[in-house]
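Residue numbers (the working numbering): 1 to 259.
Just so it is clear, CB atoms sit at the ideal spot from N, CA and C, and this is done for glycine as well.
Have a look at the structure below before the remarks.
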Ligand SMILES: [Zn+2]
């Protein structure tokens, strides 16, 4: 009986001995498990903390952005072209409409207008250069300032002893001017023709009046009637008349007006 008891005992003791072992094992498993769960908890905490940090950071950054944006909004708008701050209603309206301040807008429009004007001006000058002599003569002399310009040339020719009729000088001056025309304005063209040297001008003055004798007769008659060509006549009073009867293109409308 002893042996089995012993056996039993020994078995029991084995079990009993094993119990703490089992407990030990369980304990270590439990420890492991709790360690693992602790680790997991820590990891979770870290993750939570991280995501909380990231959220906060995002929120902070968003707040900063909105502060900067608000600060920017408080600044007055600047013109995209000249960087001027936009204060006046005119500028504010211009920014909306034209995307630049009013001054930049008007400067730009002015430039466009100027370019258009100079394009028109240059095409006009090209046209002047290709005019018929009679049209050119009309362009050059057929207004008050033109009459005066022509009168100065006539006076100069007479003062230097040239005895040409006004119509001859008108044609000669127009022909010289046309020949020397270099895209100048009417004012400048007159300035230049007034200063032409008589010996240069006479090369352009027609001697004969082929084909225009009738008109010339009319001019002569008109001159006689008005006493032009006589040195005693008041040149100031007759300037428009001199101009009117001087050129062929000028004389016709002039006589038509007179009759
Ligand atoms: Zn501007």
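Closer than 6 angstroms: residue i CB and nearest ligand 1 heavy atom
i           : result
residue 149 : no
residue 81  : yes
residue 107 : no
residue 84  : yes
For residue i, the three-state DSSP class (helix, strand or coil)
i           : result
residue 85  : strand
residue 160 : coil
residue 149 : helix
residue 206 : coil
residue 106 : helix
residue 136 : helix
residue 189 : helix
residue 98  : helix
residue 37  : helix
residue 199 : helix
residue 125 : helix
residue 144 : helix
residue 131 : coil
residue 183 : coil
For residue i: DSSP bridge partner residues
i          : result
residue 78 : 85
TODO: Determine, using beta-carbon pairs with one atom in the stretch 48–55 and one in the stretch 76–90, whether at least three such pairs fall under 8 angstroms.
DONE: Counting Cβ pairs under 8 angstroms, fewer than three are found: no touch.
- [ ] Mind the definition here: the stretch 193–208 touches the stretch 145–156 only if three or more C-beta pairs lie below 8 angstroms; say whether that holds.
- [x] yes
Task: Contact the stretch 163–177 vs the stretch 125–132: 3+ CB pairs below 8 angstroms - done: no
Open item on the list: Whether or not the stretch 170–180 and the stretch 198–208 are in contact is what I'm after, with contact meaning three or more pairs of Cβ atoms, one per stretch, closer than 8 angstroms; do they touch?
Closed with: yes
Open item on the list: Three or more C-beta pairs under 8 angstroms: does that hold for the stretch 88–95 against the stretch 109–123?
Closed with: no
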